[in-house]
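Engineer: Each residue of the sequence shown is one higher than the one before, starting from 92 at the first, in my numbering. Quick one: the structure is below, questions incoming.
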Amino acid sequence: MANVSARLSALASEFGMVERALGDPAALADSREYARLTRRHRELLPLMTVLREREQLDADLAGARELLSDPDMRELAAQEVQGLETRLSELEAELVVLLLPTDPDDPKDVILELRAGAGGAEAGLFVMDLLRLYTRYAEGAGLRLNVLDASESDLGGASKVVAEVSGDGAFRAFKWERGVHRVQRVPATESQGRIHTSTVTVAVLPEAEVGEVQLDLSEVRIDVFRSQGAGGQGVNTTDSAVRAVYRAGTPDEIMVVCQDGRSQIKNREKALQVLAARLAERERAAREAQERTERAAQVGTGERSEKIRTYNYPQNRVTDHRLEGEHKNHPLDTVMTGALAPVVAALARTQRERQLLAMAGEEQHGAA
92 MANVSARLSA LASEFGMVER ALGDPAALAD SREYARLTRR HRELLPLMTV
142 LREREQLDAD LAGARELLSD PDMRELAAQE VQGLETRLSE LEAELVVLLL
192 PTDPDDPKDV ILELRAGAGG AEAGLFVMDL LRLYTRYAEG AGLRLNVLDA
242 SESDLGGASK VVAEVSGDGA FRAFKWERGV HRVQRVPATE SQGRIHTSTV
292 TVAVLPEAEV GEVQLDLSEV RIDVFRSQGA GGQGVNTTDS AVRAVYRAGT
342 PDEIMVVCQD GRSQIKNREK ALQVLAARLA ERERAAREAQ ERTERAAQVG
392 TGERSEKIRT YNYPQNRVTD HRLEGEHKNH PLDTVMTGAL APVVAALART
442 QRERQLLAMA GEEQHGAA
């Protein structure tokens, strides 16, 4: 408990410094620093709200206990003491949860990459099904999903889709989608009625902040070409699509295509932004390979080889393999309309429970 008190004191002090810095006109002159301070203020505010309520309740409780010695007020004071102690106990539990480690990438926008895996054309169809699911989920969460590039395949599917999800907490909302998604259903082209199993790989990359990745533009080849599409008025008639290739022809090669906008300049900016996100992800993966032991409290590892979820159409069931018990299965017809929030909430709750167990273990170890 001493560790908790010390951390609360440190965070309260930091909150005060952040508020003072936000009131300094110099902060407004530096947009990047102002954004960082605003984000940190938003992160600390829920904790400070609970902490201030606890301080007020402590004062109220001291006053109520003094009234216990007054015969005329003893009964009412005893009831008030009981209510205040109950609320204080609740606040202590809330503070412990608020003190759990948070992912610094949670507030960031994300680059979402969906790729067809095993299953041929059926996997490509499920790429588009997932894209529709994620679009509706994003809308329900107050986020914006914008497709940057899509490699369309036969029958209305796609071998690859790259999209940007923007808005406060985009990574927090989508980070649980990293991994292999398995679908079991009868394909539209199946005449025998046999169930096929296909897979789609989903990558969720937090967008790199300025200065996070050193991207040497001399190592990037920029190609421009005419956007590809299904025809009609939506197809560009100018060379506005952009292909950015990092270290072309080497084992480090990364290729990004952006043909969403009609402006070559905007497509170039977006392609470089996606490229920076991929480089940042590569660096994060290298660090994580050396820090596996520090990730014991995480739900899954985010490795793309993991089958994190199965979508079983014949049984109208979505099973998330990282969950257990009654929280593991969800109705597929509901989830596919964008109702992914209950699954995400269950995953976040499971992570918090594991973190609380780890914290309790550290407290016991420190007391020993």
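Just so it is clear, CB atoms sit at the ideal spot from N, CA and C, and this is done for glycine as well.
If you scan the stretch 410-441 from start to end, which runs of the alpha helix (DSSP H) of 4 or more residues do you find wholly inside it?
Structural biologist: Correct list: 423-426.
Engineer: Leaving out five residues before and five after L234 in sequence, what residues of the same chain have Cβ atoms less than 7 Å from its Cβ?
Structural biologist: The answer, listed in chain order, is V256, S257, G258, A261, A264.
Engineer: So what's A321 in DSSP terms, helix, strand or just coil?
Structural biologist: Residue placement at A321 cannot be trusted, given a pLDDT of 45 that sits under 50; what the coordinates show is reported in the next sentence. If DSSP states are grouped into helix, strand and coil, A321 belongs with coil.
Engineer: Compare the C-alpha of R413 against each of V426, R440, P405 and name the closest.
Structural biologist: R413 has its Cα closest to that of R440, out of V426, R440, P405.
Engineer: For D196, which residues from the same chain have a beta carbon less than 6 Å from its beta carbon, with the 5 sequence-adjacent residues on both sides left out?
Structural biologist: Cβ within range, chain order: F262, P297.
Engineer: Just curious, the alpha helix (DSSP H) that L135 is in, first and last residue?
Structural biologist: That run of the alpha helix (DSSP H) goes 122-157.
Engineer: Suppose you measure from the CA of E344 to the CA of R227; what does that come to, to the nearest Å?
Structural biologist: Whole-angstrom Cα-Cα distance: 33 Å.
Engineer: Tell me whether G174 sits in a helix, a strand or coil according to DSSP, three-state version.
Structural biologist: G174: helix per DSSP, three-state reduction.
Engineer: Pick from P198, V201, D200, D220: whose alpha carbon is nearest that of A207?
Structural biologist: The shortest C-alpha separation from A207 is found at D220.
Engineer: Using only the alpha-carbon positions, how far apart do T292 and N94 sit?
Structural biologist: Their Cα atoms are separated by approximately 41 Å.
Engineer: Based on the DSSP secondary-structure assignment, which residues constitute the bridge partners of T290?
Structural biologist: Looking at the DSSP assignment, T290 forms a beta bridge with R273.
Engineer: Between Q350, R123, S331, I313, which lies nearest to A339 when the distance is taken from Cα to Cα?
Structural biologist: Checked all of Q350, R123, S331, I313; the closest Cα to A339 is I313.
Engineer: Would DSSP call G107 helix, strand or coil?
Structural biologist: Here G107 sits in helix by DSSP.
Engineer: Which runs of the alpha helix (DSSP H) fall wholly inside the stretch 206-292 and span at least 4 residues, in chain order?
Structural biologist: Whole alpha helix (DSSP H) segments, 4+ residues: 212-231, 261-265.
Engineer: Compute the Euclidean distance between the alpha carbons of D411 and E183, then round it to the nearest angstrom.
Structural biologist: Cα to Cα, the separation comes out at about 32 Å.
Engineer: Pick helix, strand or coil for K398, following the three-state DSSP scheme.
Structural biologist: In this structure, K398 counts as strand in the three-state DSSP scheme.
Engineer: Distance, Cα to Cα, R334 vs Q350?
Structural biologist: Straight-line Cα distance between these residues: approximately 9 Å.
Engineer: For the beta strand (DSSP E) containing R334, name the first residue and the last one.
Structural biologist: That run of the beta strand (DSSP E) goes 332-337.
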